[in-house]
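**Student:** As they're listed, the protein sequences go chains R and B. Using the UniProt record's numbering, read the first sequence as starting at 1 and increasing by one per residue. Using the UniProt record's numbering, read the second sequence as starting at 1 and increasing by one per residue. Got a structure here, written out as structure tokens. Questions coming.
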Amino acid sequence: MVEPPKVDEPRVEDKLFQNRYLVDAGRPHVKIRAHIEPSPELLALIKICPARCYELNAKGQVEVAPDGCMECGTCRVIAEPTGDIEWGYPRGGYGVLFKFG
Amino acid sequence: MIEEKFDAIVIGAGMAGNAAALTMAKRGMKVLQLERGEYPGSKNVQGAILYADMLEKIVPDFREEAPLERHIVEQRFWMMNDTSHVGLQYRSDDFNEERPNRYTIVRAQFDKWFSKEVQKAGALVLCETTAIELVQNPQGKVMGVRTDRKGGEVHADVVVLAEGVNGLLGTRAGLRERPAPENVALAVKEMHFLPRETIEARFNLNGDEGVVIEAAGTISKGMTGVGFIYTNKESISIGLGCLVSDLKATGQTPYGLLEAFKRHPSVARLIEGSEVKEYAAHLIPEGGYNAIPQLYGDGWVVVGDAAQLNNAVHREGSNLAMTSGRIAGEAIFQIKSRKEPMTADNLKLYRKMLDDSFVMKDLKKYKDMPALLHTSSKNFFLTYPELIAKAMQTYVRVDGVPKLDKEKATVKSFKSARSLTGLVGDAFRFARAWR
Ligand SMILES: Cc1cc2nc3c(=O)[nH]c(=O)nc-3n(C[C@H](O)[C@H](O)[C@H](O)COP(=O)(O)OP(=O)(O)OC[C@H]3O[C@@H](n4cnc5c(N)ncnc54)[C@H](O)[C@@H]3O)c2cc1C
Ligand code: SF4
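If you want it as structure tokens, here you go:
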């Protein structure tokens, strides 16, 4: 099980709130392979994703909601080789829009 | 999508792609450049320090037009423990020169400007267009790319892969491997806004002078990682990056580390009262020379971060990207001028020219550094910073303990934390990797 964030852990949602996104509704660019028991790689994504796109659901499986994704590629580097996720870029023009970068 | 065939297609409008496209377009070549972002720079993240020399070779009078923040007059290196830092500081008025050597920039703004130069030179730049895969003939020669636009195939004699660290096209086509977790760092960064007078007062600056700080130590919790604080005109860029393999192993969250860095007493006073306007994340290639993939083939070359051309030891990347892009453009132009085809054999010229440049020479110099820092990360990023900070405190605190006893205690603490052979070994390995 993944321990809940510590009290002083910042809320990533508040950070992402500063950013601009153009979400391509219904076309997620990151997908998770259906699983019963998550692999260690999938579990690692819950902590490492800087946008906290990965969460554990009530059944103990890892889910992804890539709306706040910053397209960094970290999850791809970890979990694409194991076949746990399918990773691509959003369609041209969609996704995160950095004003400063 | 577009019927006509181009001399070259450039994938990506970052530092490497813009340098390549500009170099070729200026020489009259028919260039198409594809960028997946809404505008060039909208997907790009950097610290960011711009090195003038490498840009000057591409846009000689860039200082007149480019959006520059501050020219850097002072560099600080901090070795941090949890409550203090030991710093090395270099400041020189020589850097207040007519043509400054380094500037801070804001990437989204800088890339927009750079791209305008590319368009002025005559290249066709299409934004909001993601290239999905390379089009290859049965012999494997790259003929063009497929995009996510309607009827999305476009053709050219050569494709310049300037697609950045993730390099999706090249890896999907099997031209190179996807980056390994131990060869990339994940960096997170925030933009903190403050009135410019506040920044100038806090960092001891006049006018457009700027300071940059690189920080290492317990902030990365024993992982290979560094933090940075760069001054812009009205904002401070603050961030921290750690190797992906280390983050995966420790389960530390990147934002948790950044938050702790921001709360460190040495840092908190610099950003106090600021308004945060953006949170960004990006990978940085850290594998160095040994991670450089095949750089050319039939109908293609790869430049910049996609080729792992990044000097992590010196925090240089954009200048290697620009230089490799420029050199690729020059090599392609030479081959075209001779009316020869874009075969692997001919494109080898790019590799040769790159080998002769500072890009490969610098990366070769540090080829053993990534492995050393990785295998000894606990010593370099936890044990030594703690020891040094403690030694400094012991040294400066006046408390009636005789100085000789203090020195003995310090030496003892170093030896007990890390055996004498360990210390000597680390120093030796470090010196060898540095050479
Ligand atoms: C936090 C951080 C701090 C850094 N600090 C510094 C610094 O201070 N100084 C320095 O010199 N370097 C620094 N670097 C490194 C520097 O940012 C990179 O080396 C440099 O940006 C690489 O340039 P590039 O053109 O190869 O890639 P990028 O700048 O990443 O550009 C790649 C471009 O390709 C586009 N693209 C990718 N795939 C596709 C596709 N399939 N279709 C269409 N378009 C595509 C992207 O949208 C992007 O615009 C830093 C990096 C980071 C992350
Ligand atoms: S690409 Fe980066 S931000 Fe997006 S889901 Fe993966 S790890 Fe998270």
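Here a beta-carbon is modelled for each residue, glycine too, at the ideal position from N, C-alpha and C.
1. Tell me, please, which residues DSSP counts as bridged to ILE236 (chain B).
2. Please confirm whether any heavy atom of ligand 2 lies closer than 7 angstroms to the CB of GLY95 (chain R).
3. Under 8 angstroms between C-beta atoms, does ALA58 (chain R) make it to chain B?
4. Would you say GLY174 (chain B) and LEU161 (chain B) are within 8 angstroms of each other, going by their C-beta atoms?
5. Work out the CA separation of GLU197 (chain B) and VAL73 (chain B) for me, nearest whole Å.
6. With 7 angstroms as the C-beta to C-beta threshold (strictly closer), list the residues of the segment 14-27 of chain R near chain B in chain order.
7. Output, in sequence order along the chain, the residues in the UniProt domain "4Fe-4S ferredoxin-type" (60-90) of chain R whose CB is closer than 8 angstroms to any CB in chain B.
8. Below 8 angstroms, can you find three or more Cβ-Cβ pairs linking the segment 87-94 of chain B to the segment 141-160 of chain B?
9. Using alpha carbons as the reference points, say which of B:ASP368, B:PRO195, B:ASN96 lies closest to GLU272 (chain B).
10. Go through its chain and collect everything with a Cβ distance to ALA331 (chain B)'s Cβ below 6 angstroms, but skip five positions before and after it.
11. Does DSSP classify MET1 (chain R) as helix, strand or coil?
12. Along the chain, where does the beta strand (DSSP E) that runs through GLU209 (chain B) open and close?
13. Do LEU175 (chain B) and ligand 1 come close, with the Cβ less than 7 angstroms from some heavy atom?
14. For ALA306 (chain B) versus GLY288 (chain B), is the C-beta spacing smaller than 8 angstroms?
15. Measure from the alpha carbon of LYS233 (chain B) to the alpha carbon of each residue in B:TYR255, B:VAL226, B:ASN206, B:THR253, then state which is nearest.
16. What residues from chain B crowd round PRO38 (chain R), counting only those whose CB sits closer than 8 angstroms?
17. Which residues are close to ligand 2, meaning CB closer than 5 angstroms to any heavy atom, in chain order?
18. Considering just the uninterrupted stretch of the alpha helix (DSSP H) at PRO385 (chain B), what are its terminal residues?
19. Considering just the uninterrupted stretch of the beta strand (DSSP E) at ARG146 (chain B), what are its terminal residues?
20. Starting from VAL359 (chain B) and walking both ways along the alpha helix (DSSP H), at which residues does that stretch end?
21. Answer with yes or no whether the minimum CB distance from ASN166 (chain B) to chain R is below 8 angstroms.
22. Kindly indicate which three-state DSSP category PRO40 (chain R) falls into: helix, strand or coil?
23. Nearest-angstrom Cα distance between ALA260 (chain B) and LYS336 (chain B)?
24. From LYS99 (chain R) to ASP356 (chain B), what distance separates their C-alpha atoms?
25. With 8 angstroms as the threshold, decide whether the Cβ of LEU97 (chain R) is near any Cβ in chain B.
26. Considering only their Cβ atoms, is the gap separating THR147 (chain B) from LEU257 (chain B) smaller than 8 angstroms?
27. Need the endpoints of the beta strand (DSSP E) that LYS31 (chain R) sits in, please.
28. So, for ASP368 (chain B): in the same chain, excluding its five sequence neighbours on each side, which residues have a beta-carbon less than 7 angstroms away from its beta-carbon?
29. So which residues on chain B does ILE48 (chain R) lean against when the C-beta distance must stay under 9 angstroms?
30. If you measure from the beta carbon of VAL12 (chain R) to each beta carbon in chain B, is any gap under 8 angstroms?
31. Can you tell which of B:TYR296, B:ARG269, B:ASN183 has its C-alpha closest to the C-alpha of ALA344 (chain B)?
32. Can you check DSSP and say which residues form a bridge with ILE11 (chain B)?
33. If the criterion is Cβ atoms closer than 8 angstroms, does the pair CYS24 (chain R) and PRO81 (chain R) meet it?
34. Would you identify the three-state DSSP class for HIS85 (chain B), choosing helix, strand or coil?
35. Compute the minimum distance between the beta carbon of VAL211 (chain B) and the heavy atoms of ligand 1, and state whether it is under 7 angstroms.
36. Could you check the C-alpha separation between ALA121 (chain B) and SER245 (chain B) for me, to the nearest Å?
**Tutor:** Judging by the given coordinates:
1. B:HIS192, B:THR231
2. no
3. no
4. For the pair GLY174 (chain B) and LEU161 (chain B), the CB atoms are not nearer than the 8 angstroms cut-off.
5. 17 angstroms
6. LYS15, LEU16, GLN18, ASN19
7. MET70, GLU71, CYS72, GLY73, THR74, ARG76, VAL77, ILE78, GLU80, PRO81, GLY88, TYR89, PRO90
8. no
9. Of the listed residues, the one whose Cα sits closest to GLU272 (chain B) is B:PRO195.
10. LEU349, TYR350, MET353
11. A caution first: MET1 (chain R) carries a pLDDT of 47, below 50, which makes its placement in the model unreliable, though a value can still be read off. MET1 (chain R) sits in coil when the DSSP states are folded into three classes, being neither helix nor strand.
12. Unbroken beta strand (DSSP E) run through GLU209 (chain B): 209-217.
13. no
14. no
15. B:ASN206
16. None at all; the shortest Cβ gap to chain B is about 14 angstroms.
17. R:CYS49, R:ALA51, R:CYS53, R:CYS69, R:MET70, R:CYS72, R:THR74, R:CYS75
18. 384-396
19. 142-147
20. First-last of the alpha helix (DSSP H) with VAL359 (chain B): 358-365.
21. The beta-carbon of ASN166 (chain B) is placed less than 8 angstroms from the nearest beta-carbon of chain R.
22. helix
23. Roughly 53 angstroms between the two C-alpha positions.
24. 37 angstroms
25. Cβ-Cβ to chain B under 8 angstroms: yes for LEU97 (chain R).
26. The answer is no: Cβ separation not under 8 angstroms.
27. Note, LYS31 (chain R): beta strand (DSSP E), 30-32.
28. ARG432, ALA433
29. LEU186, VAL244, LEU247, LYS248, GLY251, GLN252, THR253, PRO254
30. yes
31. Checking every option, the nearest Cα to that of ALA344 (chain B) belongs to B:TYR296.
32. Secondary-structure assignment with DSSP links ILE11 (chain B) through a beta bridge to B:LEU34, B:LEU161.
33. Cys is not the amino acid found at residue 24 (chain R); the sequence shown has Asp there. No. Outside cutoff.
34. strand
35. no
36. 42 angstroms
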